[in-house]
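Written out below as structure tokens is the structure these notes cover.
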Amino acid sequence: MLDKRVKPSFIVRYLDQYVIGQDEAKKILAVAVYSHYKKIAKSQQDAIEIAKSNVLLIGPSGTGKTLLCETLSRILSVPFVTADATSLAQTRYVNEEIEAILQRLVDKADGNIGRAQHGIVFIDEIDKLKATDGQPRSISGESVQHALLKIMEGSPVKLGNAQYIDTTNILFICGGAFVGIEEIMSKTHGYGFISTSSDDNQNILDRLNTRVKPTDLFEFGLIPEFTGRLPIIASFQNLSRQMLVRILTEPKNSIYNQFREIFRNEGVELSIDPKVFGQIAEIAFEYKTGARSLRGIFEEMITPILYVVPDNSDIHKVVITSLFTEPSFIKKP
Ligand SMILES: Nc1ncnc2c1ncn2[C@@H]1O[C@H](COP(=O)(O)OP(=O)(O)OP(=O)(O)O)[C@@H](O)[C@H]1O
Ligand SMILES: [Mg+2]
26 MLDKRVKPSF IVRYLDQYVI GQDEAKKILA VAVYSHYKKI AKSQQDAIEI AKSNVLLIGP
86 SGTGKTLLCE TLSRILSVPF VTADATSLAQ TRYVNEEIEA ILQRLVDKAD GNIGRAQHGI
146 VFIDEIDKLK ATDGQPRSIS GESVQHALLK IMEGSPVKLG NAQYIDTTNI LFICGGAFVG
206 IEEIMSKTHG YGFISTSSDD NQNILDRLNT RVKPTDLFEF GLIPEFTGRL PIIASFQNLS
266 RQMLVRILTE PKNSIYNQFR EIFRNEGVEL SIDPKVFGQI AEIAFEYKTG ARSLRGIFEE
326 MITPILYVVP DNSDIHKVVI TSLFTEPSFI KKP
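Plus 25 on top of the position in the sequence shown (first one is 1) and you've got my numbering.
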């Protein structure tokens, strides 16, 4: 079912080509996916049923949660679908919508129910399902949580064409920014009292303190039964300026590489001084939207150049040395 080469380290190496940093989350996700398939392969031989471990990805906006899952879906030879909890929270027909997600999974498996039953469903923006006070329960995020709970636990779901799909072995990955969770954590955490001597391993205490606890998610607005179905939690870190620079240049399909390609198609070489990436990262860092604003800032710099280049066939190289000075156009000799 899973390619023999696909070990957790293989998955991480692949993810590294597209997603910068977030090493901890990559490892957790890789191990979860790997174990999931090992368990299925084993439970087909053995009598012992091993419970699956769905995964929750938590972290600030624009730090790579969705990117990581989409990248992951590309190497797994199993059906993988993405759904958005925001639309689930907005519809009155939650069960129909969930059925549609599972139907897409079956379609991805070319109609093979057996394969679909071992697939992965990524539900993004799960934090939009938080229970809010004063909302009638029937249309609240809470009722969607209840509906999802059922399929995450594993239950037969009837599809449109009278077929049934059993969700027991489907791996669910949920993702969300959970804005405000840090304040909740800072209120409720503090394992300092465990420390009996100053020699206690500060690393272990730090790790306990940065862990998101189920009770934090409960206080945020996820019902306990729901968080109980997401035993593995991977936290995403804020992106540093240095990571933002790497995102601009390092991934296979980085913004810089994409624009170099666009210029190459015009017969022009694009050369940007490393200093410029630092300047772009600095501005993006101020915007506090993770890596999301990098492209916009980059395009603002490049658009005026892309406007003039096609009119001047004698330009063969463009050199940008600063975000705040004019670029140099180097002409063919
Ligand atoms: N760690 C990263 N490595 C490479 N690119 C990244 C990284 N994080 C973000 N990006 C870039 O920023 C864009 C937005 O990231 P993504 O959609 O994964 O954010 P998110 O964590 O899902 O945020 P949200 O909580 O708002 O949905 C991506 O398309 C990608 O181009
Ligand atoms: Mg996202």
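Ideal Cβ positions, reconstructed from N, Cα and C, are used throughout, including at glycine.
Grab me the residues of residue i's own chain with a C-beta within less than 8 Å of its C-beta, minus the 5 sequence neighbours each way, in chain order.
{"i": "residue 209", "result": "241, 244 and 245"}
{"i": "residue 119", "result": "113, 168, 169 and 172"}
{"i": "residue 98", "result": "105, 107, 145 and 147"}
{"i": "residue 341", "result": "292, 293, 294, 355, 356 and 357"}
{"i": "residue 157", "result": "165, 166 and 246"}
{"i": "residue 140", "result": "103, 104 and 134"}
{"i": "residue 213", "result": "238, 240, 241 and 244"}
{"i": "residue 153", "result": "110, 111, 114, 166 and 201"}
Going by beta carbon distance, what residues of the same chain come within less than 6 Å of residue i, once the five residues before and after it are set aside?
{"i": "residue 331", "result": "none"}
{"i": "residue 46", "result": "268"}
{"i": "residue 148", "result": "108, 110 and 199"}
{"i": "residue 239", "result": "252"}
{"i": "residue 308", "result": "322"}
{"i": "residue 181", "result": "189 and 191"}
{"i": "residue 276", "result": "43"}
{"i": "residue 312", "result": "318"}
{"i": "residue 66", "result": "none"}
{"i": "residue 346", "result": "298"}
{"i": "residue 337", "result": "none"}
Which whole-angstrom value is the C-beta distance of residue i and residue j, which I expect to be below 8 Å?
{"i": "residue 145", "j": "residue 105", "result": "5 Å"}
{"i": "residue 59", "j": "residue 32", "result": "7 Å"}
{"i": "residue 96", "j": "residue 62", "result": "Actually they are not in contact, since the Cβ atoms of residue 96 and residue 62 sit about 18 Å apart, beyond 8 Å."}
{"i": "residue 344", "j": "residue 335", "result": "Residue 344 to residue 335, Cβ: 18 Å. No contact."}
{"i": "residue 280", "j": "residue 319", "result": "6 Å"}
{"i": "residue 237", "j": "residue 260", "result": "6 Å"}
Taking the alpha carbon of residue i as the reference point, which residue from the options has its own alpha carbon closest?
{"i": "residue 191", "options": "325, 124, 239 and 357", "result": "124"}
{"i": "residue 265", "options": "130, 315, 286 and 128", "result": "315"}
{"i": "residue 297", "options": "237, 93 and 274", "result": "274"}
{"i": "residue 127", "options": "262, 345, 142 and 116", "result": "142"}
{"i": "residue 155", "options": "251, 30 and 283", "result": "251"}
{"i": "residue 263", "options": "277, 249, 247 and 204", "result": "204"}
{"i": "residue 35", "options": "61, 44 and 100", "result": "100"}
{"i": "residue 317", "options": "86, 57 and 282", "result": "86"}
{"i": "residue 207", "options": "183, 182 and 235", "result": "235"}
{"i": "residue 166", "options": "349, 93 and 115", "result": "115"}
{"i": "residue 41", "options": "89, 64, 57 and 30", "result": "89"}
{"i": "residue 285", "options": "324, 184, 249 and 122", "result": "324"}
{"i": "residue 93", "options": "48, 326 and 130", "result": "48"}
{"i": "residue 121", "options": "186, 346, 140 and 249", "result": "186"}
{"i": "residue 183", "options": "131, 277 and 338", "result": "131"}
{"i": "residue 103", "options": "338, 129 and 346", "result": "129"}
{"i": "residue 348", "options": "327, 313 and 337", "result": "327"}
Got a sec? Which residues, its chain only, sit under 7 Å from residue i by beta carbon, not counting five neighbours each side?
{"i": "residue 37", "result": "51, 52 and 55"}
{"i": "residue 310", "result": "266 and 269"}
{"i": "residue 151", "result": "110, 199, 200 and 201"}
{"i": "residue 188", "result": "138"}
{"i": "residue 163", "result": "Its pLDDT being 49, under 50, residue 163 is placed unreliably in this model, and the coordinates cannot settle the point."}
{"i": "residue 299", "result": "none"}
{"i": "residue 339", "result": "356 and 357"}
{"i": "residue 91", "result": "149 and 200"}
{"i": "residue 57", "result": "78, 80 and 257"}
{"i": "residue 39", "result": "100"}
Check whether chain D comes within 8 Å of residue i, counting only Cβ atoms and requiring the distance to be less than that.
{"i": "residue 92", "result": "Protein chains in the displayed structure number just one, and chain D is not present."}
Checklist entry - Would you call the stretch 277-290 and the stretch 82-96 touching, i.e. three or more CB-CB distances under 8 Å? => result No contact exists between the stretch 277-290 and the stretch 82-96.
Item to check | Touching by the beta-carbon criterion (3+ pairs, under 8 Å), the stretch 247-257 and the stretch 302-309 | outcome: The stretch 247-257, when compared against the stretch 302-309, does not touch it at the 8 Å Cβ threshold.
Checklist entry - Do three or more CB pairs link the stretch 132-139 to the stretch 174-182 at distances below 8 Å? => result With the cut-off at 8 Å, the stretch 132-139 and the stretch 174-182 do not touch.
Next on the checklist: Taking contact to mean 3 or more Cβ pairs, one atom from each stretch, closer than 8 Å, check whether the stretch 194-202 and the stretch 270-285 are in contact.
Outcome noted: With a cut-off of 8 Å, the stretch 270-285 and the stretch 194-202 do not count as touching, because too few Cβ pairs lie within range.
Next on the checklist: Please give me, in chain order, every unbroken run of the alpha helix (DSSP H) with length at least 4 that falls completely inside the stretch 71-138.
Outcome noted: Whole alpha helix (DSSP H) segments, 4+ residues: 90-100, 110-115 and 119-133.
Checklist entry - Which parts of the stretch 240-311 are runs of the alpha helix (DSSP H), unbroken and 4 residues or longer, counting only runs that do not cross its ends? => result Taking 4 residues as the shortest admissible run, the stretch 240-311 contains the following complete alpha helix (DSSP H) segments, listed from N- to C-terminal end: 249-253, 266-274 and 280-289.
Checklist entry - What are the start and end residues of each continuous alpha helix (DSSP H) run of 4 or more residues lying completely inside the stretch 147-189, in chain order? => result You should have 166-178.
Item to check | alpha helix (DSSP H) runs contained entirely in the stretch 317-349, provided each spans 4 or more residues | outcome: Restricted to the stretch 317-349, the alpha helix (DSSP H) segments that are unbroken, complete and at least 4 residues in length are 319-333, listed in chain order.
Checklist entry - What are the complete alpha helix (DSSP H) segments, minimum 4 residues, inside the stretch 29-71? => result Qualifying alpha helix (DSSP H) stretches, in chain order: 33-41 and 48-68.
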